[in-house]
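Participant:
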Amino acid sequence: MLKCPCPSCAGLELSVNNHAADFTLSAELGPPISLSCLVHNSSGAEELLWYRGEGQVGLNDGNKVNVSNICISPVNESDNGVTFTCRLARDKSVQVSVTLNIQYPPRLSGEETLYVEEEKDVTLTCNSKSNPQAQSTWCKDNHSLTLQESHHELYQTSEIFQLSIRKVQKSDNGTYTCVVDSPLGKGTRDFHLIVEDKKPVFPTEAVIAAVVVVTLTIVFGIVARRDKIFKVWKALVS
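Heads up: the sequence shown begins at 1 in UniProt numbering, then just goes up one per residue.
1. For residue 127, tell me which candidate among 102, 157, 144 has the shortest Cα-Cα distance.
2. Could you have a look at residue 47 and say whether DSSP puts it in helix, strand or coil?
3. What does the Cβ neighbour count give for residue 195, buried or exposed, with the cut at 16 atoms within 10 Å?
4. Leaving out five residues on either side along the sequence, give the residues of the same chain with a beta carbon under 6 Å from the beta carbon of residue 40.
5. What are the residues that DSSP puts in a beta bridge with residue 52?
6. Going by beta carbon distance, what residues of the same chain come within less than 6 Å of residue 144, once the five residues before and after it are set aside?
7. Taking three-plus beta-carbon pairs below 8 Å as touching, is the segment 43 to 60 in contact with the segment 86 to 97?
8. Just the Cα atoms here: how many angstroms apart are residue 115 and residue 57?
9. Can you grab the Cα-Cα spacing for the pair residue 136 / residue 93, in whole Å?
10. Would you mind working out which of 208, 155, 113, 131 sits nearest residue 102, comparing C-alpha positions?
11. For residue 67 versus residue 38, is the C-beta spacing smaller than 7 Å?
12. Taking C-alpha atoms, which residue in 23, 36, 112 lies nearest to residue 17?
13. Residue 182: buried (16+ other C-beta within 10 angstroms of its C-beta) or exposed?
14. So is residue 185 in contact with chain D if we call contact Cβ pairs under 7 Å?
15. Could you check the C-alpha separation between residue 192 and residue 81 for me, to the nearest Å?
16. Look up residue 153 in the DSSP assignment and say whether it is helix, strand or coil.
17. Nearest CA to the CA of residue 107: which residue from 59, 60, 64, 161?
18. Thinking C-alpha only, which one of 163, 185, 34 is nearest residue 134?
19. For residue 167 and residue 104, I'd like the C-alpha separation in whole angstroms.
Written out as structure tokens, the structure reads:
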């Protein structure tokens, strides 16, 4: 708790939900959160301010003096990690902050069906948001996936769990399941990988070369026979 340095407000203190120092408040999604800021050791009217992060929260006139309450409703994932701060209006160094720790079970998303040619690379991306962070695993066709160093790669952050398969083979065809397990529950999402036959490589350069050769042959042929063509045309118009 920081106290006001000026003599006129010496001894003034604030508390939020009976906490006189900064604290973390854990909650779940949905139900509203109420925060109450109270001035202590005040002999007069003291105006209070609320901030969400760096932005000031709008308050009604009757909710600013000596006691001020705010409500976060409904609580959602975007509130996780947000800090709310109550400050004394005439000396903002007098303040108490509360950081929200919003806990929620895994929420999974990602492209469900992927088509890939044989011998191409593919990445299955499982978007897995949760708080606290969950443990993630991959299964194939309902069996634990055995990762092969030369064939599979895993990448994971707090919100993404990826399985990369290099040079896909027909044996990689199947259903892959992203399994995310946290203290608040488990989430799964299926990814259907369909491995298609390798398409024959179209010989673009060879075709272009052939077209050029044919075109030049026609042009040279016309040039070589120009005199005969000219005589025939002259005879027709005479």
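Glycine included, C-beta positions come from ideal geometry on N, C-alpha and C.
Facilitator: In terms of the structure at hand:
1. 157
2. The DSSP-derived three-state label of residue 47 is strand.
3. Burial call: buried.
4. 13
5. 55, 84
6. none
7. yes
8. So the alpha carbons of these two residues sit roughly 49 Å apart.
9. 43 Å
10. 131
11. yes
12. Selected option, being the one with the closest Cα: 36.
13. buried
14. Judged by its chain identifiers, the structure shown contains no chain D, having just a single protein chain.
15. 35 Å
16. Shown here, residue 153 sits in a strand according to DSSP, grouped into three states.
17. 161
18. 185
19. 37 Å
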